[in-house]
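To start, the structure itself, in structure tokens.
Number of protein chains: 2
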Amino acid sequence: MVHPVSDSHPYFPLDLHLPDYVPLQVGFDYILGVFAVAVITVFASTWRLSGRHKHLRRSERLMACWFMVTGLIHFVVEGWVVYKADFYQDKSGNYLSDTWKEYSKADSRYASRDSFIISMEAITAFLWGPLCPLLVWGIFNAKPWRYTLMLIVSVGQIYGDVLYFGTCYLEGFVHSRPEPMYFWFYFVVVNAIWIVVPLACVAHAWRAISAAVGSGKPKAKRK
Amino acid sequence: MVHPVSDSHPYFPLDLHLPDYVPLQVGFDYILGVFAVAVITVFASTWRLSGRHKHLRRSERLMACWFMVTGLIHFVVEGWVVYKADFYQDKSGNYLSDTWKEYSKADSRYASRDSFIISMEAITAFLWGPLCPLLVWGIFNAKPWRYTLMLIVSVGQIYGDVLYFGTCYLEGFVHSRPEPMYFWFYFVVVNAIWIVVPLACVAHAWRAISAAVGSGKPKAKRK
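Going down the list, the sequences are from chains A and B. For the first sequence, the positions run 15 to 237 when the numbering used here is used. For the second sequence, the positions run 15 to 237 when the numbering used here is used.
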């Protein structure tokens with residue numbers, strides 16, 4: 015539905031109907047600062063914990079840190095936007111609502127409740143989210159399913175992200191503010207992380223599984 | 015955009031703007047008949063071929079048949095709808111265009127070029143599609159990466175399908191004609207196949223990988 019350009023909000027396209035928008039209660043520097051401190055804390059704690067598991071290579075310790083960080087981002091940050099449909103009207107100064115008010119400048123589909131975005135984020139938050147710490151536990155304890163779960167979560171992240179970019183491309187990138195900060199940094203660079211790192215994890219799991227399964231045909235099981 | 019209910023087409027919602035719709039040139043029985051013959055032929059040929067590989071269990075032979083059939087459906091049928099945006103205006107009697115004219119009664123988003131549908135189908139047709147026969151070759155020759163590729167393709171199929179249902183749910187199932195044939199058979203039952211069978215493939219790959227990777231911690235690699 016096309017509405018007059020009277021709604022007061024910073025999101026593109028400008029004629030998007032988003033009534034009762036409440037501007038951010040905290041500054042961008044505060045949002046980014048809290049986020050950075052949280053990520054560094056979780057990363058460093060997981061790194062420290064992983065040191066107790068002497069069989070882990072450095073690359074495996076780094077992957078454990080990645081999955082703990084990304085799992086918490088999925089569950090807490092992305093979980094919030096699925097749960098809180100009216101985050102852009104939130105007056106409380108809630109950190110997560112304000113984070114999504116800021117990010118929606120790069121993609122207004124979060125505010126307009128695009129059906130693909132909400133479906134994809136619901137799976138990401140409430141399926142990949144909890145599976146990530148489970149995977150970290152599996153890596154720490156060398157569970158035989160750790161590579162399998164790593165593949166599942168990483169393929170899910172990559173596919174969701176490819177569809178995220180694909181839908182934007184097909185719709186002509188109309189949901190993003192044009193400033194480089196929003197389009198290039200928030201939208202392109204930040205989301206690209208969830209293609210690049212999961213690809214490395216897929217490659218790691220692929221190699222590990224192939225080495226374990228081995229080559230050559232197994233013995234005949236039937237005549 | 016809302017248009018008057020003057021466009022003559024059988025798709026829901028009825029006010030969908032789809033100009034110059036050309037009715038199906040062939041009957042539903044012809045579409046289903048050709049499809050069934052093709053599926054049975056591919057399935058039977060793959061089954062026969064798989065018999066030459068004596069190390070394969072019956073379940074593995076069945077999976078090879080599944081991946082050959084689903085790969086061809088992805089590449090040929092789903093590839094067509096990605097490529098042929100104006101299939102619903104096709105006067106030629108092309109089998110694939112008519113198949114999609116028929117299926118669109120269960121989901122008009124194919125005709126209206128919904129951005130999620132087209133993105134998801136593009137990945138399905140042109141990535142999962144070619145990977146499926148590669149996987150069949152890998153299964154036949156017991157390649158060490160066969161379970162890995164099986165996981166990747168199957169997780170992709172499941173996730174795409176879950177999002178397919180999820181987006182419909184969030185939009186209130188407005189794209190489907192209400193007759194049980196279209197909603198329950200085409201939309202629910204047919205698509206559910208691509209959740210149920212891939213889940214069985216994920217379970218198979220999971221067990222095989224876990225058995226190969228083994229349990230217990232590997233020897234210490236560093237102090």
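Every residue gets a Cβ at the ideal spot worked out from N, C-alpha and C, and that includes glycine. Please read all numbers here as calculations on a predicted model, not as lab measurements.
Buried or exposed for residue i, please, with buried defined as at least 16 other CB atoms from any protein chain shown within 10 angstroms of its CB.
i, result
"S111 of chain A", "buried"
"A99 of chain A", "exposed"
"Y196 of chain A", "buried"
"W220 of chain A", "buried"
"A50 of chain B", "exposed"
"V167 of chain A", "buried"
"S22 of chain B", "exposed"
"W114 of chain B", "buried"
"W208 of chain A", "buried"
"G47 of chain B", "exposed"
"T84 of chain A", "buried"
"R71 of chain B", "exposed"
"V188 of chain B", "exposed"
For chain B, is any of its Cβ atoms less than 8 angstroms away from the one on residue i?
i, result
"G170 of chain A", "yes"
"F187 of chain A", "no"
"F26 of chain A", "no"
"T181 of chain A", "yes"
"A136 of chain A", "yes"
"S122 of chain A", "no"
"F101 of chain A", "no"
"S129 of chain A", "yes"
"L145 of chain A", "no"
"L76 of chain A", "no"
"P33 of chain A", "no"
"P158 of chain A", "yes"
"L30 of chain A", "no"
"L213 of chain A", "no"
"L149 of chain A", "no"
"L184 of chain A", "yes"
Would you please verify whether the beta carbon of residue i is less than 8 angstroms from any beta carbon of chain A?
i, result
"L110 of chain B", "no"
"F89 of chain B", "no"
"Y173 of chain B", "yes"
"V176 of chain B", "yes"
"Y161 of chain B", "yes"
"V36 of chain B", "no"
"G65 of chain B", "no"
"G228 of chain B", "yes"
"W220 of chain B", "yes"
"I132 of chain B", "yes"
"I223 of chain B", "yes"
"A217 of chain B", "no"
"L46 of chain B", "no"
Helix, strand or coil for residue i? Go by DSSP, reduced to three states.
i, result
"R66 of chain A", "coil"
"V95 of chain B", "helix"
"L30 of chain A", "coil"
"S190 of chain B", "coil"
"W220 of chain A", "helix"
"K157 of chain A", "coil"
"N205 of chain A", "helix"
"P212 of chain B", "helix"
"S59 of chain B", "helix"
"Q39 of chain A", "coil"
"S111 of chain B", "helix"
"Y10 of chain B", "Residue numbering for chain B in the displayed model covers 15 to 237; residue 10 of chain B lies beyond these limits and cannot be assessed."
"S118 of chain B", "coil"
"A125 of chain A", "coil"
"G47 of chain A", "helix"
"K233 of chain A", "Reliability fails at K233 of chain A, whose pLDDT of 48 lies under 50, so the model's placement of it is uncertain and the value that follows must be treated cautiously. K233 of chain A falls in the coil class under three-state DSSP."
"F101 of chain A", "helix"
What span of residues does the alpha helix (DSSP H) with residue i cover, start to end?
i, result
"P144 of chain A", "143-154"
"D175 of chain B", "160-184"
"V83 of chain B", "72-86"
"A136 of chain B", "129-137"
For a contact meaning CB atoms closer than 7 angstroms, what does residue i contact in chain D?
i, result
"L165 of chain A", "Reference to chain D is not applicable here, since the protein chains of this structure are A and B."
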